[in-house]
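Using my numbering, the letters of the sequence shown correspond one by one to residues 10 to 770.
Backbone N, C-alpha and C fix where the C-beta goes; we use that ideal spot for every residue, glycine too.
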Amino acid sequence: AASEDGEDEDEDDEPPKGRRAANKKKAAQADEEDSDDDIPQRRCNEAVNHLMFCLSGDDSKSDEEEESMSEGEMAKLMEEVEEKKKLIANIRNKPWRMRRRLKVLKEAQQFVDKFEGALGKGKGRKLYAYKVMMMKKWIKFQRDFENFRTSCIPWERKIKEVESHFGSSVASYFIFLRWMYGMNLVLFSLTFGLVVIPEVLMGLPYGSIPRKTVPRDEQATAMDYSVLMDFNGYCKYSVLFYGYYNNQRTIGLLKFRLPLSYLLVGIGTFGYSLMVVIRTMAKNADVGGGDGEDNEFTFAWKMFTSWDYLIGNAETADNKYASITTSFKESIVDEQENQKDENIHLRRFLRVLANFLITCTLGGSGYLIYFVVKRSQEFANMDNLSWYEKNELEIIMSLLGLVGPMLFETIAELEEYHPRIALKWQLGRIFALFLGNLYTFLLALFDEVNSKLEEEDSIKNASIWFVKEYYANYSANNPNDTGTPPPIDPADIIRGPCWETTVGIEFVKLTISDIQVTYLTILIGDFLRALIVRFLNYCWCWDLEAGWPSYGEFDISGNVLGLVFNQGMIWMGAFYAPGLLGINVLRLLTSMYYQCWAVMACNVPHERVFKASKSNNFYMGLLLLILFLSLLPVVYTIMSLPPSFDCGPFSGKERMFDVIMETIDLDLPAFMGTLFGYVANPGLIIPAVLLMVLAIYYLNSVSEAYKNANMELKKKMQMVSILCVQVHNNCPGACDSSARPQGTWTSTWPTRARQGSRATP
Numbered sequence: 010a011a012s013e014d015g016e017d018e019d020e021d022d023e024p025p026k027g028r029r030a031a032n033k034k035k036a037a038q039a040d041e042e043d044s045d046d047d048i049p050q051r052r053c054n055e056a057v058n059h060l061m062f063c064l065s066g067d068d069s070k071s072d073e074e075e076e077s078m079s080e081g082e083m084a085k086l087m088e089e090v091e092e093k094k095k096l097i098a099n100i101r102n103k104p105w106r107m108r109r110r111l112k113v114l115k116e117a118q119q120f121v122d123k124f125e126g127a128l129g130k131g132k133g134r135k136l137y138a139y140k141v142m143m144m145k146k147w148i149k150f151q152r153d154f155e156n157f158r159t160s161c162i163p164w165e166r167k168i169k170e171v172e173s174h175f176g177s178s179v180a181s182y183f184i185f186l187r188w189m190y191g192m193n194l195v196l197f198s199l200t201f202g203l204v205v206i207p208e209v210l211m212g213l214p215y216g217s218i219p220r221k222t223v224p225r226d227e228q229a230t231a232m233d234y235s236v237l238m239d240f241n242g243y244c245k246y247s248v249l250f251y252g253y254y255n256n257q258r259t260i261g262l263l264k265f266r267l268p269l270s271y272l273l274v275g276i277g278t279f280g281y282s283l284m285v286v287i288r289t290m291a292k293n294a295d296v297g298g299g300d301g302e303d304n305e306f307t308f309a310w311k312m313f314t315s316w317d318y319l320i321g322n323a324e325t326a327d328n329k330y331a332s333i334t335t336s337f338k339e340s341i342v343d344e345q346e347n348q349k350d351e352n353i354h355l356r357r358f359l360r361v362l363a364n365f366l367i368t369c370t371l372g373g374s375g376y377l378i379y380f381v382v383k384r385s386q387e388f389a390n391m392d393n394l395s396w397y398e399k400n401e402l403e404i405i406m407s408l409l410g411l412v413g414p415m416l417f418e419t420i421a422e423l424e425e426y427h428p429r430i431a432l433k434w435q436l437g438r439i440f441a442l443f444l445g446n447l448y449t450f451l452l453a454l455f456d457e458v459n460s461k462l463e464e465e466d467s468i469k470n471a472s473i474w475f476v477k478e479y480y481a482n483y484s485a486n487n488p489n490d491t492g493t494p495p496p497i498d499p500a501d502i503i504r505g506p507c508w509e510t511t512v513g514i515e516f517v518k519l520t521i522s523d524i525q526v527t528y529l530t531i532l533i534g535d536f537l538r539a540l541i542v543r544f545l546n547y548c549w550c551w552d553l554e555a556g557w558p559s560y561g562e563f564d565i566s567g568n569v570l571g572l573v574f575n576q577g578m579i580w581m582g583a584f585y586a587p588g589l590l591g592i593n594v595l596r597l598l599t600s601m602y603y604q605c606w607a608v609m610a611c612n613v614p615h616e617r618v619f620k621a622s623k624s625n626n627f628y629m630g631l632l633l634l635i636l637f638l639s640l641l642p643v644v645y646t647i648m649s650l651p652p653s654f655d656c657g658p659f660s661g662k663e664r665m666f667d668v669i670m671e672t673i674d675l676d677l678p679a680f681m682g683t684l685f686g687y688v689a690n691p692g693l694i695i696p697a698v699l700l701m702v703l704a705i706y707y708l709n710s711v712s713e714a715y716k717n718a719n720m721e722l723k724k725k726m727q728m729v730s731i732l733c734v735q736v737h738n739n740c741p742g743a744c745d746s747s748a749r750p751q752g753t754w755t756s757t758w759p760t761r762a763r764q765g766s767r768a769t770p
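This is the structure in structure tokens:
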């Protein structure tokens, strides 16, 4: 702007003759710049002038004469109006100077305003007016529909508010929580619609068979609060757990095949989850890798291009202001980390020490879980137990999940990583802690399952003996009764241990315990802490806000891993407790409101705010890993362990997957069984797996090649921009956009480079 003002002052100082020559030269340059845009207008100038002459002529001319004069030029004029409209819509994308953009925009708007109404006076004016009206209505509908679609995204405003005050890293947790809620809602609908509803509507009612009846010796305490809180009593013999479902091949008038549906839904839960996670990871990879990292002139771009001038609401403006402030803090942290000078040998020693301490913590945690599970198996044979002894396992696992992340965070202070890298290390360590605890719990639980399977044989023999004795005693006590003896009351029949329901109860209790600990931690550790700091700071010996305890910060790593760990328990436990998915949906729904309130009311932003990755693929990678590890115990159960003989939809079969083989043999043609046998042949599966591995390797190699090619192109584009800046400084105007071919890949970079050079101090 200064240079242009200087040029104007020089022109004023010139003599009249020189000034006229300069004006002529400037006009010639302007005509040369706009020559490309004036070509279409010159082509139809004669048609437009001719049409306007006809439209402004005497009204006594006949309609036929008017139509004959305008008929041939109407299409050209309409085409020109449409071109001008497209130019107005795409004027921002043109690599022109602002003066030229304003000039072309003004001329195009004048042309449209002048001739769009004139088109309504020729032949076919009604059709054209109808098209214009429908086009405007369609554009308005698209805009309104987009606004409606945005408003329908659950909790979008809450998440944006959190992001504006706490940064993208905290907001990424709530986005992940919303995504988990959507996935679990689909899984719950699948299980509820294909398993629970058919059993409730078409299955046998409660009390008709032993598996749906509370045993006689438990009925007195079946409704006690303590019993129900342990998910025994009536909860144990309900649709919440595996043992309630009947093993009839078909139920109801519709002949619904419940055992087959139960197995397919259990497998489909993992299949759908795997598909959704991988699809989301691919989508996030496209979003995060499409525009790349651009670290040039970061603060200049944020300073001059961050504000949204369409904001018309005070609250939205405050949120935008907070968001820009947080964005500057994030960039400052990144810049400080890039310029840090550190002692590499001391840093390596401290990081090795930190990893050694964390490894010892993980090993001790796993041993503690295994020891507690063994103690709980001993407690199961005792009668009088305290509340702690009944819930020792859940308490220990919840406390480890609570104390472990804080201990890891303290140890991680030795490493001094960048906050983003430190978060990933923290997530990985907490993930290892949760995963080790979970698999230790599973190994100990399967030891208990094996003991119950051994116990099942003796109980099965005892139940058969009990039935024989009942009929023998009835015949002996009623010798004159020749009719059929009355059936045994389902509450009096001897029951097996039903190990599937036992496993389901353990997973439900772990989930409920995790919910309670999480909510109490927020209530005490955040809300009560904030109350103390807020109201006791005025009468305390030191500054509670600046010193201890201060306001709490939102623990991203602990909350994310708690969510992933809980989802792993849901995936594993849903096969043994179909009602667990409903409990998890309610948990995620309440967590969104509860944690959003807690973070806005009780927490303060992190001292070192940092940008989250453009894609949440690190979270998704952890979720994919826990999904795979959760699949293994369920597959082992389906393929290897025999189901209980008196409960569940697979009772009476040697293995659970026999339901599929039974369906193939009885309901499908013979060749389908042969085909399935070929497909399940290891000789075919192993080559298929090898082929997929090779395909993945090939696609990964191609992806790396494309990435390297993109990096090379980016370097070339930066070189071109630097050269163009140098040429522009030496020869102003030599690198103008009009001197370059339009539409090439170098067209936008010199402009941006000039803008960046102006923003450089």
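What do you reckon, are the CB atoms on residue i and residue j nearer than 8 Å?
| i | j | result |
| --- | --- | --- |
| F185 | V608 | no |
| C611 | R220 | no |
| L273 | F443 | no |
| L519 | M601 | no |
| S385 | L411 | no |
| G513 | Y585 | yes |
| Y251 | L267 | no |
| L263 | M192 | no |
| L597 | Y190 | yes |
| G582 | L589 | yes |
| W580 | L633 | no |
| I565 | L703 | no |
| S649 | G505 | no |
| T510 | K149 | no |
| S407 | V517 | no |
| G661 | N256 | yes |
| G413 | S374 | yes |
On the criterion of 16 or more Cβ atoms from any shown chain inside 10 Å, does residue i qualify as buried, or is it exposed?
| i | result |
| --- | --- |
| L60 | The predicted model places L60 with a pLDDT of 46, which falls under 50 and marks its position as unreliable, so this point remains unresolved. |
| C507 | buried |
| F62 | Because F62 sits at a pLDDT of 46, beneath the cut-off of 50, its placement in the model cannot be relied upon, and the following sentence gives the value as read from the coordinates. When all chains shown are included, F62 counts as exposed. |
| W557 | exposed |
| A180 | buried |
| K383 | exposed |
| S467 | exposed |
| Y355 | Note on residue identity: the sequence assigns Leu, not Tyr, to residue 355. Exposed, because fewer than 16 other Cβ atoms sit within 10 Å of the Cβ of L355. |
| D300 | Any answer about D300 is weak, because its pLDDT of 43 lies below 50 and its placement is not dependable; what the coordinates show is given next. Classification of D300: exposed, given that the 10 Å Cβ count is below 16. |
| T259 | exposed |
| A421 | buried |
| K724 | exposed |
| Q435 | buried |
| T335 | buried |
| Q727 | exposed |
| S712 | exposed |
| R158 | exposed |
| V361 | exposed |
| Q735 | exposed |
| A39 | Caution is warranted here: a pLDDT of 46 is assigned to A39, below 50, making its placement in the model unreliable, and the coordinate value is therefore given only provisionally. Exposed: under 16 other Cβ atoms inside 10 Å. |
List the whole-angstrom C-beta distance separating residue i from residue j, where the pair is believed to meet the contact cut-off of C-beta under 8 Å.
| i | j | result |
| --- | --- | --- |
| P658 | V205 | Actually they do not touch by this definition, with Cβ atoms about 12 Å apart. |
| K93 | F120 | 5 Å |
| A500 | T222 | 5 Å |
| S772 | F308 | Here the chain comprises residues numbered 10 to 770, so residue 772 is not present and cannot be evaluated. |
| V113 | L86 | With a Cβ gap of about 19 Å, V113 and L86 do not count as contacting. |
| V594 | F197 | 5 Å |
For residue i, list the residues DSSP reports as bridge partners.
| i | result |
| --- | --- |
| E562 | V613 |
| I260 | F265 |
Answer yes or no: the CB of residue i versus the heavy atoms of the ligand ZN, is any distance below 7 Å?
| i | result |
| --- | --- |
| V236 | For the ligand ZN, the structure offers nothing, since it holds no ligand at all. |
Which ranges does the alpha helix (DSSP H) cover as unbroken runs of at least 4 residues, wholly within the region 187-228, from first to last along the chain?
206-211
Can you give, in chain order, each stretch of the beta strand (DSSP E) that sits fully within the region 357-444 and has at least 3 residues?
none
Give, in chain order, every unbroken run of the alpha helix (DSSP H) that is at least 4 residues long and sits entirely within the region 601-687.
626-648 and 667-676
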